[in-house]
Amino acid sequence: MGNDRWTRRQFVGTAGKTAGGVVLGLSLADFLAACGTSSPGTAGTGKLEIFSWWTGPGEKDGLAEMFKIYKNKYPSVTITNSAVAGGAGSTAKAVLATRMQGGRPPDSFQVHAGQELISSWVKANKMEAITSIWNSEGWDSKIPKDLKDIVSSNGEVWSVPVNVHRGNALWYNKKLLDSKGVTAPDTPEQMTSALSSLKAKGVAFPLALASKGGNWQVQMLLENNILAAGGADFYKNVMSGKASFTDAKVVQALSWMKQWLPYANTDNSSIDWDEADNRVIAGTAVFHIMGDWAKGDFTSKNWVPNTDFGVVPSPGTKGNYMIVCDTFGLPKGAPDRDNAIGWLKVCGSQEGQAAFNPKKGSIPARTDVSPSLFDVIAQSFIAEFKTDTLVPSSAHGSATPPAFASAVNDEMGQFIQNKDVTKTASNLQKASDEFLKTS
Amino acid sequence: MSILVPAAPRARSRFTPMRAGLYLLLLAVFYLTPVFAIIVTSLKGIAELARSTVWELPKAADLSSYSTAFTALAPSFFNSVFLVVPATILSATLGSLNGYVLSKLRFRGANVVFTLLLFGMFIPYQSILIPLVQFLETINLYGGIPGLILVHVVYGIPICTLIFRNYFATVPRELLEAARIDGASVIGIYRHIMLPISIPGFVVVMIWQFTSIWNEFLFAVTIAQTPTQQPITVALQNLAGSLAPEQNIQMAGALMAALPTLLIYILLGRYFVRGLLAGSLKG
Amino acid sequence: MATATAQPVMVERLSRSRSTRLPPWEKLTPLLLIAPSVILIAVFVYGFIGATVRTSLVRWNSALPDYTFVGLHNYQRLFQLDRFQADLVNTLHFTAIFLAGCIILGLGAAVLLDQRLRGTLFFQNVYMYPLALSFVVTGTVWRWILNPNSGVNVILGNLHLDFLKSGWLTDPNTALNSLGIAAVWQMSGFCMAMFLAGLRGIPEELREAARVDGANEWQLFWRITFPLLRPITLSAVIILGHISLKIFDLVYVMTFGGPGYATDMPSLYMWIATFQQFLYARGAAIAIVLLLMVAILIVPYLVWNLRGETEQ
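Protein chains in written order, with the numbering used here: chain A, 2 to 440; chain B, 39 to 321; chain C, 245 to 556.
Now the structure itself:
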């Protein structure tokens, strides 16, 4: 591994000598601090560097809990928490990309289940398959097969899921909804009429919408609606390039969005999902279609589930569970391979997932963690997770390669402005042609 | 003529002092609005940040936002210091050497070399960003302040060279001739003649580089993103871009980030302006 | 706010005959002294530009580097993209308002300051302090001022000027102009400094002579002062123009390109495409297009400057 390499740089000539020495000294120190001593190769000693973007409240506590569990098992290992904040992971991914390309991977890194890992690092031959770990830990009986399929390709498993978030959820201000005499909608058509009656009853923008930071929130609306219009199989086909985005079902999904947009706040480009939550709390909006991290946000602002707020599946998607899932894999050339493997085992263990998920606000990927650790809504999600059809989210890196997802994001940003269903559908198909050719 | 020295009023003018003064004041209001915005938001506690009273002065100065901002930004503040000081010293040194050579030791093609050097100051840095990141990764300097120091030293060469070249051009040739007759070498002349008189040049260059590097964002956000290595511009943006931004903290943070360069501008403004108008005005 | 506000225009004219003669054993010394910088710039500027050109001509559009040659495909694709087309339009639009705003405000302020009333130095400092700030600081503060839920709209409401309210940064029709306000606020001081220096450089005798000939103040300005300020105006247009083409920090902080593509710029799109979407080849292509746009502005300027020098 290249960590012990120290490449001499030719630096400045004359006057730069002393100062050059300073810089050299600085970078040498930095280098030493970053690398430390080389790993001896046995689990239980040495270092462990875990790379993630878990810097927010809740998630960083969950991560700390997992570190504690690891420390109990391997007390002599020094853990480095290389979490990078910003952009819902986009900053961390950029830093990771540069390190991976330069051959300096961390021991393990957070990555969304599925295409985010498979279409990039697995395809680039920079990951080790963890099928043998999966089997030796007996995860087949603990983690649903649908989810295992998402993290596998070519017969090998590539990462272990730690937590599962739900993407197809419609959150609502229960007290406000009840007071207006409106019920939470089941189907997209009911959603449209609920929005219009709420507006008639004085809520100017009943649908809270955020699009700051890249419009991924709007892509969530799109994928939920495609799921509603075409069902799980069609959804998977269209997201793997086997079905067309110009299909009537996608057009239907977009049309529903177009019907809802007039009821959404117009300053969505300047607010993120948590501010959209605030609108629901304040009562200036009633509905918010968002992943179940919104639940953690609501409870952290002292809202009580099923009293202050409620949740139903995103209109038309009952029986389906849109997976947003974080996983950890094993990069080739991990500096402390044995320690990394130890980490993966902690991630997939009942103990690890029981410690992490309640803090993160997600549900465990394992089905044998006691539901009593979780709040009421999470408990109902855990039950549904066992029986629903699991579908991977495109907006969150599971169903499609990042290049496609970001093209969709761009297109969604345009769609909010132009509301042109046909044009958007055809642009989506162009993106599919370009990025989803073979999967 | 220097714009830094007030001059006697003009004999006749289009504006009566009243009208001119009024316009000057209006402009001043425009330029000072953000200062007022900072005062009016950062000194309020969260409760006071309601929309309707948004432009009113705070009832009492609540410094809680400053302490929060300070805790959040202090590490990156020091990162910026560790970045700016070495980078400024190094690039100024290089600049002075180059300025000396290009102004006093002409060789064939010196002008072409200078122009090619100067072009480096104007390029959009996006056009070198990808290979730069790859290069830094190869020499293991990606991700932190040391790499950023190298970057700023290299890309600061053109502007530092420009400022010094024009500064040294004002040194009379006779001074060097005399030294040469006395047997001084090229380097000797630099050490004993150019360096001692180059203090004002160094001041201008260093103030300029300090300001530029402290305020810089593109390289910082591309190269030094790890939380322990972020310069303050990146940390400020992450602070503001993070969840549920609280205006008072953001504004307090903005002030913190602005303070060093503002102070330099207030105390050493004349040198800053010289750097700004580098080369075109003497005085 | 890069290093590039400096002017190479009126540099000291140096000629060969004025340089010191070097003894033979010292002939190489100047070259050796300047070599490190030349090498660094050769690699880090020209070498890297070449590398970027190469990246733009290959099929590297994922996390895995792929150096298969595809010719100009990336450029073709780029110009077909709605987003990039919007970027180019935005660049022109933004440059126009940025230049107009800075020059008008800068010239106006300079003329006012040139009246040499008491307190000129104070006002000067007030008009120029934004130049000492980072675009990130400016963007953070102005983002708040130009937010329709707080900031300016509240003041307009208090002054009963509600008709002037707008979506500012969140309305695709006004977002770019709002961005322009912040940019002009930051950089107009530079223009002012240049124009003021120029105005002060105009000899009073010239104006007195014109006055004696019966010219009034307006004619004085348009026939004498303004034409004499042309070289400075040209420099200002070039310097500010190239800053405007490269604008990144302010957009990143204030709007990140939104809403939709309303404030997206090539510089920002390059960064997003490369570091967030991992479309390296596309990012490289955008970077080269950006470089060409800047070069069209700067290269004639530098060449003209170079010619002016070697004519000595």
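By construction, the Cβ of each residue, glycine as well, lies at the ideal position given by its N, Cα and C atoms.
Determine whether the Cβ of residue 184 of chain A lies closer than 9 Å to any Cβ atom of chain B.
no
Report yes or no: is there a C-beta of chain A within less than 9 Å of the C-beta of residue 291 of chain C?
no
Among residues of its own chain, excluding the 5 on either side of residue 311 of chain A, which ones have a beta-carbon nearer than 7 Å to its beta-carbon?
173, 175 and 185
Roughly how far, in whole angstroms, is the beta-carbon of residue 133 of chain B from the beta-carbon of residue 199 of chain B, given that I think they are within contact range, below 8 Å?
5 Å
Is the CB of residue 413 of chain C under 9 Å away from at least one CB in chain A?
yes
Contact set for residue 198 of chain A: own chain, Cβ-Cβ below 7 Å, skip 5 residues either direction:
183
Residue from B/285, B/165 and B/157 with nearest C-alpha to residue 393 of chain C
B/285
Can you name the start and end residues of the alpha helix (DSSP H) that residue 350 of chain A belongs to?
Unbroken run through residue 350 of chain A: none, as it is neither H nor E.
Three-state secondary structure (DSSP) of residue 327 of chain A:
strand
So with CB distances below 8 Å, who are the chain C contacts of residue 101 of chain A?
Simply 307.
By the 7 Å beta-carbon criterion, what residues does the region 95-122 of chain B contribute toward chain C?
none
Please state the DSSP three-state secondary structure of residue 397 of chain A.
coil
Report yes if the C-beta distance between residue 141 of chain B and residue 209 of chain B is below 9 Å; otherwise report no.
yes
Residue 328 of chain C burial status per 10 Å Cβ neighbour count (16 or more: buried)
buried
Just the chain A side, please: which residues come within less than 8 Å of residue 416 of chain C by C-beta, in chain order?
418
Just the Cα atoms here: how many angstroms apart are residue 454 of chain C and residue 464 of chain C?
7 Å
Residues of its chain near residue 480 of chain C, where Cβ-Cβ distance is below 7 Å and the 5 sequence neighbours each way are ignored
347, 435 and 438
Below 7 Å on C-beta distance, what does residue 198 of chain A contact in chain B?
The contacting residues do not exist; residue 198 of chain A stays about 28 Å from chain B at best.
Along the chain, where does the alpha helix (DSSP H) containing residue 84 of chain A start, and where does it finish?
Element bounds for residue 84 of chain A: not the alpha helix (DSSP H) but the beta strand (DSSP E), 78-84.
In angstroms, rounded to a whole number, what distance separates the CA positions of residue 307 of chain B and residue 286 of chain A?
50 Å
Below 9 Å between beta carbons: does that hold for residue 264 of chain A and residue 196 of chain A?
yes
9 Å Cβ cutoff met for residue 469 of chain C and residue 489 of chain C
no
Over what stretch of residues does the alpha helix (DSSP H) that includes residue 100 of chain A continue unbroken?
91-102
Can you tell me which of the three DSSP states residue 291 of chain C falls into?
helix
4 or more residues per run - each alpha helix (DSSP H) lying fully within the region 328-385 of chain C
364-372
Would you mind stating whether residue 400 of chain C and residue 422 of chain C have Cβ atoms separated by less than 9 Å?
no
Start and end residues, beta strand (DSSP E) containing residue 230 of chain B
Run containing residue 230 of chain B: none; DSSP gives neither H nor E here.
Test: residue 286 of chain B CB closer than 9 Å to a CB of chain A
no
With distances taken from CA atoms, which of A/79, A/386, A/414 and A/187 is nearest residue 143 of chain A?
A/386
Spatial neighbours of residue 228 of chain B within its chain, please: CB distance less than 6 Å, with the 5 preceding and 5 following residues excluded, ordered by chain position.
138
Nearest-angstrom Cα separation, counted from residue 371 of chain C out to residue 71 of chain B:
Between residue 71 of chain B and residue 371 of chain C, the C-alpha separation is close to 12 Å.
Any chance the region 111-123 of chain A sits against the region 387-406 of chain A, with 3 or more Cβ pairs inside 8 Å?
yes
Quick check on DSSP: helix, strand or coil for residue 272 of chain A?
coil
What are the partner residues of residue 312 of chain A, as DSSP defines its beta bridges?
In the DSSP output, where bridge partners are listed per residue, residue 312 of chain A has A/172.
Alpha helix (DSSP H) segment containing residue 152 of chain A, residue limits
Taken as a continuous stretch (DSSP letters only), residue 152 of chain A belongs to no alpha helix (DSSP H), as it is neither H nor E.
Who does residue 265 of chain A pair with in a DSSP beta bridge?
A/208
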